[in-house]
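The next block holds one structure in the form of structure tokens; read it before the comments.
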Amino acid sequence: MSGLNLDSHLKAFVASLHKLQEKEVMTDVTLILPDQSAIPCHKVVLMAASPFFDTMFQSGLKEGAEQNIKLDFADSDIIKILVEFFYTGDIELTAENIKALVAGSEFLCCKHLRAHCEEYLVDTVDLSNCIDYYRYGQVFNLKLLIKTAFDFLLSKFREFKEISDFNILTEDELVEVVSCDRLNAENEDVVFEAVVHWVNADPDARKEVFPRIAPLIRFPFCTQTALADKICCSSLMLKSECIQLAHEALLSQFHFNCGPPLDNARCIPRQAFHSTPSLYRLIQSNSPNIISLSVASFVDGSGIKWKTILPCITTTFARVITSPSGLYLINDNECYFVQPKLKRVTSFPWKPVNQYSALAFIDGKIFAFGDAPASKSVKSINLQELNPEWKSEQEMLHAVDMPLIVQFANKVYAFGGYQTTVVTQEFDPALNEWRMRSQMPGPCYWGCAVALGDKIYVVGGREKVELLLSEKHLRSTDLPKYRVMCQKMGLKYSAMQRFTPDSSWL
């Protein structure tokens with residue numbers, strides 16, 4: 001039994017309909033355009049393609065009963081393109097006609113075409129048009145375009161001199177950008193420079209605006225050199241009350257630390273502030289019980305210079321957990337959150353957890369994996385809650401204690417565990433499920449796992465030192481690969497292996 005292909009039928013039907021329109025066969029209405037040209041059409045086709053015409057012809061109004069209908073839309077060429085689209089289903093979107101097509105589809109209430117045009121605009125956002133598209137999206141309430149263009153502007157803010165129309169942003173638009181936490185600026189030097197650049201584009205009109213925008217610049221996160229040598233000497237700062245903002249920042253705990261601690265909106269770091277990786281050194285002494293924290297700076301690419309960024313804390317800790325914005329220092333009954341870049345230490349209430357559970361910070365919560373004796377248990381605690389408590393999460397597939405945990409490529413990996421366990425378990429948060437990966441060639445426990453760039457290193461432990469490498473971003477469902485990189489090095493460090501998550505152990 002053979003069937004008719006629906007697609008071929010539709011194509012043939014539409015082609016025939018278009019021929020009827022071109023030959024004016026049984027057309028029953030004529031569209032009169034502003035350039036006085038006329039387009040013979042079929043009412044039923046216009047009604048099916050456009051709610052605008054559907055309402056017109058069924059409303060009982062005088063226009064719906066007339067043979068000739070004048071369309072009050074300025075661009076006659078766009079109406080012709082849209083009518084041809086109604087009859088053929090084909091339309092070419094270009095940089096030259098896209099805005100007019102959005103306006104035309106809005107005029108004729110063609111939501112599907114309007115959405116298609118919005119997708120085109122979203123896909124073509126760049127430095128040359130992001131501000132223009134942002135404004136255009138607001139005119140027609142193109143929410144996806146508004147968000148995409150604004151996010152692009154935020155992400156490329158460090159290149160503000162290359163962004164077309166940056167100098168003609170309105171005050172309200174610049175305020176919206178500068179006040180956003182998602183503004184991509186590793187420090188506030190570039191934010192200050194951008195605002196000054198904007199003011200200097202029209203100094204007569206904008207000098208009086210600067211004092212209204214300056215408080216939105218988070219001066220404590222400017223570099224000390226820029227604050228002392230440039231910002232404090234700026235004529236814009238000196239000729240307004242804004243100079244106090246720079247002095248406040250210099251004297252704060254973020255720089256000279258010789259004034260009262262700052263705690264205002266300017267002390268809230270932007271999200272990009274934590275994006276630059278840093279190397280920290282935590283020194284703990286048992287006699288007396290103190291710890292101190294230092295950060296590394298690289299000198300001319302030839303060495304490391306350590307700078308103490310936090311004074312000693314008079315206690316010691318059994319565990320250290322890293323997060324994107326700081327370190328959690330934990331002992332049996334205490335938890336301190338250290339934010340090195342902010343030079344801030346915050347204490348949190350802490351509920352003790354089994355010492356054989358592996359702790360990791362994932363998506364805003366601290367997780368505890370495994371237990372003693374070996375367990376499939378996974379628990380989490382959110383320290384931001386008023387009364388944080390441990391809550392059960394999706395269990396692992398294999399019971400372990402003290403597994404090595406690392407978050408990588410939107411997944412969580414649990415490697416091995418105590419008692420020579422060689423299992424590899426993978427958790428997908430999007431699916432909320434665990435799955436087994438191929439076993440490690442040998443046991444590795446009491447080490448640590450860390451993701452650096454496109455690699456995951458499992459280092460130390462009593463059995464092996466292992467290296468994991470992702471080459472295809474875990475897109476494959478095949479078994480992962482590990483490769484032994486080196487052999488015995490003595491005592492507790494005995495091997496290094498490479499792991500390719502999309503294949504198998506090597």
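Residue 413 in the UniProt record's numbering sits at position 413 of the sequence shown, with consecutive numbering throughout.
Think of the CB as a built atom: it goes at the ideal place given N, C-alpha and C, for glycine as much as any other residue.
Small disclaimer: the values here were computed from a predicted structure and weren't measured.
Among the bridge pairs identified by DSSP, Cys-335 is matched with Ile-330, Phe-348. The three-state secondary structure of Arg-270, taken from DSSP, is coil. Assigned with DSSP and collapsed to three states, Tyr-418 falls in coil, not helix or strand.
With contacts defined as CB atoms closer than 8 Å, Ile-79 and Leu-33 qualify as a contacting pair.
Arg-270 and Asp-181 have their C-alpha atoms some 5 Å from each other.
If you draw a 10 Å sphere on the C-beta of Cys-448, you find fewer than 16 other C-beta atoms in it, and that means exposed. Annotation for Met-56: Glu-63, Gly-64 place their beta carbon closer than 7 Å to its own, counting only its chain and skipping 5 residues before and after. In this structure Arg-218 touches Arg-266 by the C-beta definition: roughly 5 Å separates them, less than 8 Å. By the 16-neighbour rule on beta-carbons within 10 angstroms, Met-26 is exposed. According to DSSP, Val-320 shares a beta bridge with Leu-329.
Every unbroken stretch of the alpha helix (DSSP H) spanning 4 or more residues and falling wholly within the UniProt domain "BTB" (27–95) is given here in chain order: 43–49, 51–58, 62–65, 76–88. If you ignore the 5 residues before and after Asn-97, its C-beta comes within less than 8 Å of the C-beta of Ile-78, Ile-81, all in its own chain and listed in chain order. Residue Asn-68 holds the alpha-carbon nearest to the alpha-carbon of Thr-30 among Asn-68, Glu-119, Pro-352. The stretch 149–210 contains, as complete alpha helix (DSSP H) runs of 4+ residues, the segments 171–178, 189–200, 203–206 (chain order). A Cβ-Cβ distance of about 6 Å is found for the pair His-42 and Asp-28, placing them in contact under the 8 Å criterion. Collapsing the DSSP output to three states places Tyr-457 in a strand. Across the set Thr-346, Ala-368, Ser-347, the C-alpha of Ala-368 shows the shortest separation from the C-alpha of Asn-354.
With contacts defined as CB atoms closer than 8 Å, Leu-154 and Leu-183 qualify as a contacting pair.
Between Asp-202 and the set Phe-166, Ser-179, Phe-221, the nearest pair of CA atoms involves Phe-166. For Leu-251, the enclosing alpha helix (DSSP H) has its first and last residue at 243–251. Leu-404 and Ala-358 do touch by the CB rule: their CB atoms are close to 7 Å apart, below 8 Å. Secondary structure note for Gly-137: its alpha helix (DSSP H) is the uninterrupted segment 130–139. Each residue's CA atom was taken as its position, placing Val-412 and His-398 some 15 Å apart.
According to the DSSP assignment, Ser-105 belongs to the alpha helix (DSSP H) that extends over 98–107. Taking 8 Å as the cut-off, the Cβ atoms of Phe-348 and Asn-331 do not count as close. The continuous beta strand (DSSP E) containing Met-436 extends over residues 433–437.
Secondary structure at Thr-424: strand, using DSSP grouped into helix, strand and coil. In the DSSP annotation of this structure, Ala-399 is not part of any beta strand (DSSP E), being labelled neither H nor E. Around the beta carbon of Ile-131, 16 or more other beta carbons sit within 10 angstroms, so the residue counts as buried. The criterion of a C-beta distance shorter than 8 Å is not satisfied by Leu-227 and His-197. The beta carbon of Val-14 sits closer than 8 Å to those of Tyr-87, Thr-88, Gly-89, all from its chain and outside the five residues before and after it, given in chain order.
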